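Asks: Its first residue numbered 3, the sequence shown is counted upward by one per residue in the working numbering.
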Amino acid sequence: MDEYTRIWKQILEEISKNVTSVDYDMWFSKLEPISINFGKLVLVTSLKSVQSILNTPEYQKYIMQAIKKVDNTLVSDYIIITSEEKDSYLTNKEPKVETVINDNKPLFNDKYTFDNFVVGSSNNIAKSAAFSVAQNPGNSFNPLFIYGGVGLGKTHILHAIGNYVLSNNKNTNIIYATTEQFVNDYIESLRNNKTDKVYEFRDKYRKADILMLDDVQFLQNKEGSQEALFHTFNDLYQAKKQIVFTSDRHPRDLAGLEERLKSRFQSGLTVDISSPDLETRIAILQKKAYQKNFNISKNIIYFIAEKITSNIREIEGALSKVIFFCQLNNKDCADDLDLVMYALKDELGTNGNGVLTMDSITDEVCSYYNITKDEIKGSKKTKNIAEARQIAIYLINDKLAVPLMSIGQYLGNRDHSTIIYARDKISEQIKSDLRIRDIVNNISCRIEKK
Ligand code: ADP
Ligand code: MG
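1) Could you give the C-beta distance for K289 and V120, rounded to a whole number, given that I count them as a contact under 8 Å?
2) In whole angstroms, what is the alpha-carbon distance linking A179 and G414?
3) Measuring straight from C-alpha to C-alpha, what distance separates E182 and D216?
4) Using CA coordinates, which residue listed in K88, R283, V24 is at the minimum distance from L346?
5) Closest to T157 by CA distance: which of N173, Y188, S169, K113 is it?
6) Taking the CB atoms as reference points, tell me whether M343 and I398 lie closer together than 8 Å.
7) In angstroms, rounded to a whole number, what distance separates the CA positions of D337 and R391?
8) Going by C-alpha to C-alpha distance, which of Q411, V185, I177 sits closest to Q228?
9) Taking K42 as part of the alpha helix (DSSP H), name the residues at either end of that continuous run.
10) Compare the Cα-Cα distances from C335 to each of K433, E318, N301 and report the closest residue.
11) Which same chain residues end up closer than 8 Å to Q329 when comparing Cβ atoms and leaving out the 5 residues on each side of it in sequence?
12) Tell me where the beta strand (DSSP E) around M214 begins and ends.
13) With a threshold of 6 Å on Cβ separation, who are the neighbours of V218 within its own chain once the five nearest residues in sequence on each side are excluded?
14) What would DSSP say about N399, mapped onto helix, strand or coil?
15) Name all residues in chain order for which at least one heavy atom of the ligand MG lies closer than 7 Å to the residue's CB.
16) Within the same chain, show all residues whose beta-carbon is closer than 6 Å to that of R439, passing over the 5 residues directly before and after it, in chain order.
17) So what's N271 in DSSP terms, helix, strand or just coil?
18) When you compare only the Cα positions, how much space is there between I103 and D279?
19) Count the other CB atoms within 10 Å of the CB of L76; is the residue buried (16 or more) or exposed (fewer)?
20) What are the partner residues of D35, as DSSP defines its beta bridges?
21) Closest to L14 by CA distance: which of F40, Y80, V442, T58 is it?
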């Protein structure tokens, strides 16, 4: 047996432990390994739709986790190509990757443009602000700070800025980095005390005309990187260079971050993206179906838009699945509700395979607030802990059919009236206080993703 076949078998076995059997049969089991190329396992599928499903982050995660689990030194990554690409791939041997490096500048994903960004009440302010920044970098809102839960379009907007600016001036030095990359670059610059590394880091970030840093919540508790960013920020800002950040929460709610950095984050314009409303979800589905050149009846669009509410990445995933199932059944139009329900049974069922419990909900709240379970159940009334407790009470009551008494018992033997008070308080605040509403939405999304 070839080495790549052997390794792929082991990877498949790992994958099978983590995905449903439907998912396994549907997406993973029919891939064919054909070679290992520069540490990348090359997998072939005959269907473009399988390729695009497996290139969504949800599915990528399963493959990457499995690769890491399998004990081997040959494969550290993978690429999925279609049968048509196979010949050219084998002759070129150059892996095609999504972001192509051109003059050392990453090009942005060309699917992520302003034109492709569907606007609704949940995201129009963020989009307008980003567009204004793209038209006039450094002279509009600086810094621009965009926050919102997962899968709501933050990264899309950053790429849209990149694409727009480069289309006007391809020489602009745009540095786009995930916070993870920034932190890694910083750590790398310290290694062995090599001064050239330190300069390399400085040069890379401080010579940017536009710096975009995605998901800055990952800076929490990383003091060295925070300091590096603080100085980078000051240099760029003084030179009137545009800076854009994204985060899963408002700067003031970033625990474990230096105050001076939080205040820099908020010194320009801070805008949020929230979950899309029904109309926006419908518009997104229509647009994506159109882009994929697939006919979907109105009823089915409504059905998906009503059922899949949490975020846009999941809406896209659901749509891809529906299209794929239709293709498998030789249908060129999605109009059969039974088939759609079958295709989406994982999504429509229990929201993934996790069973919600008071414990799992409380876990998410604690992790959001960066506090321990003992603290949330204990008697401390500091603002942070008290708020986390009230939100946990609200969410447990909202998501589970458990008696208020049990919630009280679970959260440190609190009495019934405390539970009612907290529940009602948060219900009210959701209507009037944007910050609380965002936090509740954000944690809800995480709970539903479980
Ligand atoms: P985030 O970075 O906030 O987690 P992404 O930017 O990765 O989310 O978006 C997830 C997916 O949803 C992407 O494929 C993106 O293109 C799509 N998406 C998000 N918002 C919109 C929108 N308003 N219109 C069209 N597609 C969107
Ligand atoms: Mg993102």
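Ideal Cβ positions, reconstructed from N, Cα and C, are used throughout, including at glycine.
Computed from a predicted structure; not experimentally measured.
Replies: On the basis of the data shown:
1) 5 Å
2) 42 Å
3) 9 Å
4) V24
5) K113
6) no
7) 45 Å
8) V185
9) First-last for K42: 42-47, but that is the beta strand (DSSP E), not the alpha helix (DSSP H).
10) N301
11) L49, S51
12) 212-216
13) T181, F247, S249
14) helix
15) K156, T157, D216, D217, T248
16) I432
17) It should be noted that the sequence gives Leu, not Asn, for residue 271. If DSSP states are grouped into helix, strand and coil, L271 belongs with the strands.
18) Residue placement at I103 is poorly supported in this model, since its pLDDT is 38, which falls under 50; the coordinates still yield a value, given next. Each residue's Cα considered, the two are about 37 Å apart.
19) exposed
20) Reading the sequence as shown, one finds Pro at residue 35 and not Asp. The partner list for P35 (beta bridge, DSSP) reads L45.
21) Y80
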